[in-house]
Amino acid sequence: MRADRLLRIVFRLQGRRLVTASTLARELEVSTRTIRRDMEALSAAGIPVYSTRGGAGGWSLVQEYQTSLTGLNASEALATIIGHPSGILTDLGLDDPGEELVLKLLAAVAPAAREQAEHARQRIHIDPDLYWEPVASNPSPKLRQLVAASWDDRMVELRYGSGNTVSQVAPYGLVRKGTRWYLIAQVHDQVRTYRISRIHELTVTEATFSRPTTFDLATHWRKSQQEYTRRFGSYPVRLRIRGEALARAGWAHARSKSLGTPDPDGWVEAEFDTEDWDGAIGLLGGLGADVVVLAPHRLRREALANATRFLKLNR
Numbered sequence: 001m002r003a004d005r006l007l008r009i010v011f012r013l014q015g016r017r018l019v020t021a022s023t024l025a026r027e028l029e030v031s032t033r034t035i036r037r038d039m040e041a042l043s044a045a046g047i048p049v050y051s052t053r054g055g056a057g058g059w060s061l062v063q064e065y066q067t068s069l070t071g072l073n074a075s076e077a078l079a080t081i082i083g084h085p086s087g088i089l090t091d092l093g094l095d096d097p098g099e100e101l102v103l104k105l106l107a108a109v110a111p112a113a114r115e116q117a118e119h120a121r122q123r124i125h126i127d128p129d130l131y132w133e134p135v136a137s138n139p140s141p142k143l144r145q146l147v148a149a150s151w152d153d154r155m156v157e158l159r160y161g162s163g164n165t166v167s168q169v170a171p172y173g174l175v176r177k178g179t180r181w182y183l184i185a186q187v188h189d190q191v192r193t194y195r196i197s198r199i200h201e202l203t204v205t206e207a208t209f210s211r212p213t214t215f216d217l218a219t220h221w222r223k224s225q226q227e228y229t230r231r232f233g234s235y236p237v238r239l240r241i242r243g244e245a246l247a248r249a250g251w252a253h254a255r256s257k258s259l260g261t262p263d264p265d266g267w268v269e270a271e272f273d274t275e276d277w278d279g280a281i282g283l284l285g286g287l288g289a290d291v292v293v294l295a296p297h298r299l300r301r302e303a304l305a306n307a308t309r310f311l312k313l314n315r
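Taking full-length UniProt numbering, the leading residue of the sequence shown gets 1, the next gets one more, and so forth.
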């Protein structure tokens, strides 16, 4: 990605007095012609790069130059905290800022931009510890309403789950885990978690709320996940799954720790955290004959015993 390369070029120039185009090309695995085009793009964006000719020449930054942030829009502020913005920003109804973000990150100092990035960090959190859900869900229109409400600190009325009660909540922020989005909101004197796909009715009101200065979205989510694991337990398993069966694992209460790439025969090695022993057995049951248990050995023995009993009963 060119935007990533531009950022890496500037970081390298900041750490050295003079760097040749051939050195940058080798380190970044591109041609010297590409490096020259990148330098032209940086210069056009106002980054003070200049070249020195001759045998001892190369590229440099003005000595006093330091990278920082200029004013960011909503998409750009979110991208600074998301890392890989394309799919997630699309869910949120925002454009992928791409290279424009990187050029702004490199351009000049503006404290307001840091405030905007912090504002975004407190309202959107991406949890890298994925729940296993191989098929991406279609983003709910309600998600984008909640983004706006959270961004502007506006109260929301919603009906959740199978109940008919309409609750008024203060939307503190949104969390994405795997392909699922969650709303973190205060209702009465409690901070609760709502899966957005289970919100059936939603109205963003004109009323506003005061967000507690001590509340940190990422910290709250981490503690709530730790409490969930403490209450319901964790039973790790390592499996080898046939590719076409992956989607059938999506219903299970399992958190994906790692997922390998398919081998030539289409099998994938994966690690999951299930809630307990019964959760692990349930996960295997949903995969049928399209799974090999690699660990733990106790689960592998149980799978073999269950298969033997099944064959005996169904002869």
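We put the beta carbon where it would ideally sit given N, CA and C, even for glycine. Just so it is clear, the structure is predicted and the values come from calculations on it, not from any experiment.
| message | Pull the bridge partners of residue 186 from the DSSP assignment, please. | response | Note: residue 186 sits in a beta bridge opposite 170 and 191.
| If we ignore side chains and look at the alpha-carbon of each, how far apart do residue 195 and residue 18 end up? | Straight across, the Cα-Cα distance linking residue 195 with residue 18 is about 52 Å.
| said: Which of the three DSSP states is assigned to residue 58 in this structure? | reply: Strand, per DSSP.
| query | Less than 8 Å separating the beta-carbons of residue 122 and residue 183? | reply | Not in contact: residue 122 and residue 183 (Cβ atoms no closer than 8 Å).
| query | Between residue 295 and residue 238, which are expected to be in contact by the criterion C-beta below 8 Å, what is the C-beta distance as a whole number of angstroms? | reply | That pair is a contact at about 4 Å.
| request: Could you check what DSSP says for residue 45 in three-state terms: helix, strand or coil? | output: It is coil, neither helix nor strand.
| request: Identify whether residue 12 lies in helix, strand or coil by the three-state DSSP scheme. | output: Secondary structure at residue 12: helix, using DSSP grouped into helix, strand and coil.
| Those residues which DSSP pairs with residue 236 across a bridge | Partner(s): 273.
| field | Residues that residue 259 bridges to, as DSSP identifies them | value | In the DSSP output, where bridge partners are listed per residue, residue 259 has 270.
| field | 8 Å CB neighbourhood of residue 23 in its chain, flanking five on each side removed | value | The answer, listed in chain order, is 58.
| query | Going by the CB atoms, is the gap between residue 242 and residue 290 shorter than 8 Å? | reply | Cβ distance < 8 Å, so residue 290 and residue 242 count as in contact.
| So is residue 142 buried or exposed if we call it buried at 16+ other beta carbons inside 10 Å? | Here residue 142 is buried: its Cβ has 16 or more other Cβ atoms, across all protein chains shown, within 10 Å.
| Endpoints, the alpha helix (DSSP H) within which residue 156 is located | Boundaries around residue 156 are those of the beta strand (DSSP E), 154-160, since no alpha helix (DSSP H) includes it.
| request: Would you tell me roughly how many angstroms separate the C-alpha atoms of residue 235 and residue 60, rounded to the nearest one? | output: Rounded to whole angstroms, residue 235 to residue 60 spans 54 Å at the Cα level.
| message | If you reduce the DSSP assignment to three classes, tell me which class residue 290 lands in. | response | DSSP, read as helix, strand or coil, puts residue 290 in coil.
| task | Per DSSP, which residues does residue 231 bridge with? Please list them. | result | Residue 231 is not bridged to any residue.
| request: Could you spell out the range, first to last residue, of the beta strand (DSSP E) harbouring residue 201? | output: Its beta strand (DSSP E) spans residues 199-208.
| task | Using the Cα positions of residue 9 and residue 56, report the straight-line distance between them to the nearest angstrom. | result | Taking the straight line from one Cα to the other gives about 19 Å.
| task | Quick one: measure Cβ to Cβ for residue 338 and residue 170, integer angstroms, because I've assumed they're closer than 8 Å. | result | What the structure shows of the chain is the stretch from 1 to 315, and residue 338 is not part of that stretch, so it cannot be assessed.
| Whose C-alpha, out of 314, 283 and 313, is nearest the C-alpha of residue 303? | Here the closest residue by C-alpha is 283.
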